[in-house]
Amino acid sequence: MDCRRIEKLLDSYLDRELDRDSAITVKRHLQVCGECSRTLDARSSMSSSIKRRATYYPAPAELANRIRTQVPHAAAYRADKTRQPRFRLPAWSRWFQLGGAVAAAVVVTTIATMQLTSMPEDQRIAEQVLSGHSRSLLTSHQIDVASSDQHTVKPWLSSKLDFSPTVTDLTTSGFPLRGGRLDYVDNRPVAVLVYGHRQHVIDLFIWPDEAVSDASRTRVFSKRGLNLRHWAVAGMTYWAVSDINTADLEAFAEHYASAR
Amino acid sequence: MPHLNAAHNLAYWLARDQRNAEDIVQEAYLRAFKFMESFDGDNGRAWLLAIVRNTFYTWLEKTRADKSNIEFDEEVLASHGYDMQALERDENYSIDQALQQEESRRWLNRALALLPAEFREVIVLRELEELSYKEISTVAGIPVGTVMSRLSRARNLLLQHLKATQES
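As given, the protein sequences belong to chains A and B, one line each in that order. Quick note on numbering: the first sequence equals residues 1 to 260 in my numbering. Quick note on numbering: the second sequence equals residues 1 to 168 in my numbering.
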C-alpha cells in the first residue's frame with residue numbers, strides 16, 4: 001500500500017482505533033518505511049505532549065452552586081409539561097428533582113465519584129504518587145535526607161530541584177517531620193516530604209504546576225487501602241498519601257497549609 | 001454535578017474565555033435538564049458534552065450576529081504560519097526536545113487555542129477527555145471517519161505550526 005493511504009491511517013493506528021486487518025497492514029508498512037515511521041513518531045509526540053502539558057480547565061467551585069440555583073426554574077418547566085417521559089430517567093437526572101439539603105449531600109458524593117471518571121489526568125498522577133509511595137515503603141528507601149529540622153531538609157531539596165518547597169516541622173500538631181526524598185512524577189523530579197503520625201508514614205509530594213488552579217482542585221481519593229489528598233496553592237501542586245484515615249489526612253493537610 | 005469539569009474544560013477550550021465558558025456550561029446544564037427525554041441512557045458524558053458543544057455554537061452564532069470577533073481564527077492563524085496545506089514530511093525532529101516544560105505548555109496552549117474550532121474540539125475531546133472516536137462522533141455529530149481525518153489533520157496542523165515557530 002502506498003504512503004499516502006497509510007498516512008491517513010496513522011493517527012487511528014496511534015489511537016488504537018483501527019480494525020485489526022488495517023492495523024496489521026499499517027504495522028507491516030511501518031517496518032519497511034522510515035518516512036511513515038517518522039511521521040508516526042511526530043504525531044505520537046504531539047499527541048502525548050498535549051495530553052501531558054496542555055491545560056485542563058476544571059470548573060470553578062462556585063459554578064456548581066450557580067447551576068444548582070437555576071435548577072428549580074428548570075424543575076418548574078418540567079412540571080408544566082404534561083406528557084410523560086418516554087424513557088425512564090437516567091440515574092444522574094434524578095438529583096435535579098431532589099430538594100436542597102438532600103441534593104447537596106448527593107451532589108457531594110456524586111462529584112467525588114464523577115470527578116474520578118472525568119479527570120483522567122488526576123487519575124494518572126494519583127497512580128504515580130501511589131506507586132512512588134508504595135515503592136519507597138517496599139524498598140525501604142523512604143528518606144534521602146533524614147532530619148526533623150526543616151532548615152536541613154529544605155536546602156537539601158532545593159539544591160537538587162529547580163524549585164524550593166515549603167518545609168515545616170509539624171511535631172506540635174502530631175505530625176513530626178522525618179525527612180525528605182526525591183521522586184519522579186508526571187515526567188519531572190519532585191520533592192517528597194516524609195512525615196510520621198503515630199506508627200504511620202505520610203508522604204507529601206510537591207512540585208510546581210501552574211496549570212492547576214488553586215482551591216477548585218482539592219480532591220480526595222482512596223485506592224488500594226491508601227488515602228490520597230490533592231490540593232494546589234500558588235502554582236504548587238500537593239499530593240499527600242498515607243494509610244491513615246481521611247480525617248487525619250485532612251487534619252495533616254490543614255496543619256501543613258496553616259503553618260506556611 | 002456530573003461531568004462538570006469535562007463540560008467546563010470543553011466550553012473553555014471552545015470559547016477560549018473564562019466568563020463565556022461558565023455561561024455556556026450553565027446554559028448547557030439547563031438545556032440538558034429540559035431535554036432529558038432525548039437521552040437514551042447510553043453514555044451520559046458524551047450526551048452532555050454534545051449539549052455543551054451545541055450551546056457553544058448557538059452562542060457563537062448569536063455573538064457573530066451581534067457583530068465582533070468574526071475573523072479571529074483566520075487572521076491570527078495566517079500570521080502564525082497555518083496555511084492549511086498538508087504538512088510535508090520533514091518531521092524528523094523530536095518534539096520532546098523542541099518542547100521543554102513550561103515553554104512547551106505555553107506553546108501548546110497557544111497553538112491549540114489558535115486551531116480552527118472543528119480541529120480544536122476533536123483534539124480536546126481526544127487528548128484531554130480521552131474519548132473514543134465513537135464518543136467524539138456522538139459529541140461533534142460527525143461520522144467516525146470524519147473524526148479520524150479531523151484528528152489527523154489537527155495533529156498535522158499543530159506540527160506544522162511547531163515547525164513554523166522553530167524556523168522563525
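Even glycine gets a Cβ: it sits at the ideal position worked out from N, Cα and C.
* CA-CA distance, S45/A and D23/B? -> In the first sequence, counting from the first residue as 1, residue 45/A sits at position 45. In the second sequence, counting from the first residue as 1, residue 23/B sits at position 23. Those two C-alpha atoms are separated by around 34 Å.
* Please report how far the alpha carbon of I51/B lies from the alpha carbon of R45/B, in whole angstroms. => What you label residue 51/B is simply residue 51 of the second sequence in a count that begins at 1. What you label residue 45/B is simply residue 45 of the second sequence in a count that begins at 1. Between I51/B and R45/B, the C-alpha separation is close to 10 Å.
* To do: Assign D122/A to one of three DSSP states: helix, strand, or coil.
  => The sequence position of residue 122/A within the first sequence is 122, counting from 1. Residue state, collapsed to three classes: helix.
* Excluding the 5 residues preceding and the 5 following E250/A in the sequence, name in chain order all residues of the same chain whose CB lies nearer than 7 Å to its CB. => For the purposes of this step, residue 250/A is taken as the residue at position 250 of the first sequence. Closer than 7 Å at the Cβ level, and outside the excluded window around E250/A, lie R229.
* Sequence-distant residues of its chain with Cβ nearer than 7 Å to D11/A (five each side left out) -> In the first sequence, residue 11/A corresponds to position 11, counting from 1. Excluding positions up to five away in sequence, the list reads R43.
* Got a sec, what are the start and stop residues for the beta strand (DSSP E) M236/A sits in? -> On the first sequence, position 236 is the one that residue 236/A refers to. First-last of the beta strand (DSSP E) with M236/A: M236 to S242.
* Asked: Between the beta-carbon of V191/A and the beta-carbon of I206/A, is there less than 8 Å?
  -> Counted from its first residue, the first sequence places residue 191/A at position 191. Counted from its first residue, the first sequence places residue 206/A at position 206. In the sequence on display, residue 191/A carries Ala and not Val. Cβ atoms of A191/A and I206/A: closer than 8 Å.
* To do: Using 10 angstroms around the beta-carbon of Y57/B, count the other beta-carbons present and answer buried if the total reaches 16, otherwise exposed.
  => Within the second sequence, the letter at position 57 stands for residue 57/B. Exposed, since its Cβ has fewer than 16 Cβ neighbours within 10 Å.
* Asked: Taking only beta-carbon atoms, is T25/A less than 8 Å away from chain B?
  -> Numbered from its first residue, the first sequence carries residue 25/A at position 25. Not one chain B Cβ lies under 8 Å of T25/A.
* **chain A within 8 Å of M84/B, Cβ atoms only** => The residue given as residue 84/B occupies position 84 in the second sequence. Since pLDDT at M84/B reaches only 35, below the 50 mark, its modelled position is unreliable, and no value is offered.
* Would you call the segment 110-119 of chain B and the segment 240-257 of chain A touching, i.e. three or more CB-CB distances under 8 Å? -> no
* Asked: At least one CB of chain B closer than 8 Å to the CB of R53/A: is that the case?
  -> Translated into positions along the first sequence, residue 53/A becomes position 53. Cβ-Cβ to chain B under 8 Å: yes for R53/A.
* Asked: Going along chain A in order, which residues have a C-beta closer than 9 Å to the C-beta of V52/B?
  -> Walking along the second sequence from the start, residue 52/B turns up at place 52. In chain order: nothing, as chain A lies at least about 11 Å away.
* Asked: Could you give the residue range of the beta strand (DSSP E) that holds S45/A?
  -> Taking the first sequence and counting its residues from 1, the one referred to as residue 45/A is at position 45. Per DSSP, S45/A lies in no beta strand (DSSP E); the unbroken alpha helix (DSSP H) holding it starts and ends at G34 to R53.
* To do: Quickly, what does DSSP pair W207/A with across the bridge? List them, please.
  => Taking the first sequence and counting its residues from 1, one reaches residue 207/A at position 207. T237/A, per the DSSP bridge assignment.
* Which two residues bound the contiguous alpha helix (DSSP H) that contains G145/B? -> Locating residue 145/B in the second sequence gives position 145, counting from the first residue. Here the alpha helix (DSSP H) through G145/B covers V144 to E167.
* Asked: Sorted by chain position, which residues of the same chain lie with C-beta nearer than 6 Å to R181/A's C-beta, five sequence neighbours on each side aside?
  -> As a first step, residue 181/A must be located in the first sequence, where it is residue number 181. These residues qualify, in order along the chain: I143, D144 and V192.
* **Classification of H29/A by the beta-carbon crowding that lies within 10 angstroms, buried from 16 upward** => Numbered from its first residue, the first sequence carries residue 29/A at position 29. Answer is buried; the Cβ neighbour count reaches 16.
* Would D203/A count as contacting chain B if we go by Cβ distances under 8 Å? -> One-based indexing of the first sequence puts residue 203/A at position 203. No, no contact with chain B.
* List the residues of chain A that N43/B touches, going by C-beta distances under 7 Å, in chain order. => Here residue 43/B corresponds to residue number 43 of the second sequence, with the count starting at 1. Near N43/B there are no residues of chain A at all, since even the closest Cβ is about 10 Å away, more than 7 Å.
* Ordered along the chain, which non-local residues of its own chain (more than five positions away) have a Cβ less than 7 Å from that of A28/B? -> On the second sequence, residue 28/B is found 28 positions in, with the first residue counted as 1. A distance below 7 Å between beta-carbons, with the five flanking residues on each side excluded, links A28/B to the following residues of its chain, in chain order: A7, I51, V52 and T55.
* How would you write the range of the alpha helix (DSSP H) that L177/A sits in, first residue to last? -> Within the first sequence, numbered from 1, the residue matching residue 177/A stands at position 177. Element bounds for L177/A: not the alpha helix (DSSP H) but the beta strand (DSSP E), L177 to V185.
* Asked: Leaving out the 5 sequence neighbours to the left and right, which residues in its chain are closer than 7 Å to L128/B when beta-carbon positions are compared?
  -> As a working note, residue 128/B is residue 128 in the second sequence. Cβ neighbours of L128/B beyond the five flanking positions: N9.
* **Proximity winner among E210/A, A64/A, S242/A and I125/A, relative to Q199/A (alpha-carbon distances)** => Taking the first sequence and counting its residues from 1, the one referred to as residue 199/A is at position 199. For Q199/A, the nearest C-alpha among the options comes from S242/A.
* Asked: Tell me, which residues are paired with N227/A by DSSP?
  -> To locate residue 227/A, count along the first sequence from 1; it is residue 227. Answer by DSSP bridge pairing, in chain order: S222/A and S242/A.
* Answer with yes or no whether the minimum CB distance from N20/B to chain A is below 8 Å. => If you number the second sequence from 1, residue 20/B lands on position 20. Not closer than 8 Å to any Cβ of chain A, the Cβ of N20/B fails to qualify, so no.
* **Within chain B, the residues that M46/A reaches when beta carbons sit closer than 7 Å** => Indexing the first sequence from 1 puts residue 46/A at position 46. Within 7 Å Cβ-Cβ: I95, R155, L158 and L159.
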